[in-house]
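So the sequence shown is numbered by this note's numbering: it starts at -9 and just counts up by one. Beta carbons: idealized from backbone N, C-alpha and C, even for Gly. Below you'll find the structure, written out as structure tokens, and then a few comments.
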Amino acid sequence: MQKSRLRVTLLGVTLAGLSTVCACGSPGRSSNTSSSTFHPSGSMAGQPSAAPAGASSGSVTMPAFGKNVHIDLTSWQPSSSSQAQAVRIDKDYELAFLYAEYTGGTDTAWTSYVSSTMQTEVQSTLSQADVTSESFVGTIKIFDMTAVADPTVPADLDVSACFDNAASSNTSRATGKVIPDTGSADQHYYRYTDQLAKDASGDWQVVSDLPAVYYPRAKECKP
């Protein structure tokens, strides 16, 4: 069964609870179908990297996926400069997490974008056998992104987006062969929500990863 993408749920961190508390259909949710398709190549395994210093809020750090992987990422940014910075950090985290999965859990760039508690939980997830023994090929789309104040911790920000990996396939790291997908087709489409908070230095970081909302509940996430 192809994993729809491993998600981490933190129970020991302040959270509103990718659940129904996410920004799905929230007032003010922007339509953001504009996207950029990346075709990187090479390797950066094991090299933590944050966005370049002084980078604009719209800049992202693109991991070195192989030519057989395409990440179609929305270019949407909120008008608020502070929220835009949080959204950029979240995009960097999502890309880095995908690259960690792509490398069988070996790459650690994602650690640059998360709190210490989140880091422990994500590392545990990436250490699972179905991550360490697998990679993936194909196209993954991240679109319809939103950013709203967290309902429980108003100073925090909930960044939400649709995730579509229907055009990707898991592969065996040992053989390189595609692993047959025996799961439900609906599991390829869902809305995730990451909760971000400012650290002591005033920089945004991901502090929790809320339960995913799958299609057909997340109707907007299936093209």
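- Here the region 132 to 145 lies against the region 174 to 192, with 3 or more beta-carbon pairs under 8 Å apart.
- With a contact defined as Cβ atoms closer than 8 Å, Tyr182 and Phe126 miss out at about 17 Å.
- Ala175 is positioned such that its CB atom lies no closer than 9 Å to that of Glu84.
- As computed with DSSP, Val77 is found in no beta bridge at all.
- For the set Thr129, Gly94, Leu200 and Pro144, the Cα lying nearest the Cα of Asn58 is the one of Thr129.
- Around Lys212, the same chain offers Tyr179 and Tyr205 as residues with beta carbons nearer than 7 Å, after the five sequence neighbours per side are excluded.
- Relative to the Cα of Asn160, the nearest Cα in the group Val121, Asp134 and Ile132 belongs to Val121.
- Of the other Cβ atoms in all chains shown, fewer than 16 fall within 10 Å of the Cβ of Ser191; this residue is therefore exposed.
- Taking each of Ser117, Asp193, Asn155 and Ala202 in turn and checking the Cα distance to Gly94, the smallest one comes out for Ser117.
- Counting C-beta pairs with one atom in each stretch, the region 193 to 205 and the region 101 to 116 have three or more that are closer than 8 Å, which means they touch.
- According to the DSSP secondary-structure assignment, Phe126 is paired through a beta bridge with Asn160.
- The beta-bridge partner set that DSSP reports for Gln113 is empty.
- Cβ-Cβ separation between Ile169 and Ser158: approximately 11 Å, too far for a contact (criterion under 8 Å).
- Here Leu147 is actually not in contact with Gln195; their C-beta atoms are around 11 Å apart, not less than 8 Å.
- In the three-state reduction of the DSSP assignment, Asp184 falls in the strand class, which pools E and B.
- In the structure shown, Met52 adopts coil according to DSSP, grouped into three states.
- In this structure, the CA atom of Met52 is about 30 Å from the CA atom of Thr172.
- In the assembly as shown, Asp193 is an exposed residue. Its beta-carbon has fewer than 16 other beta-carbons within 10 Å.
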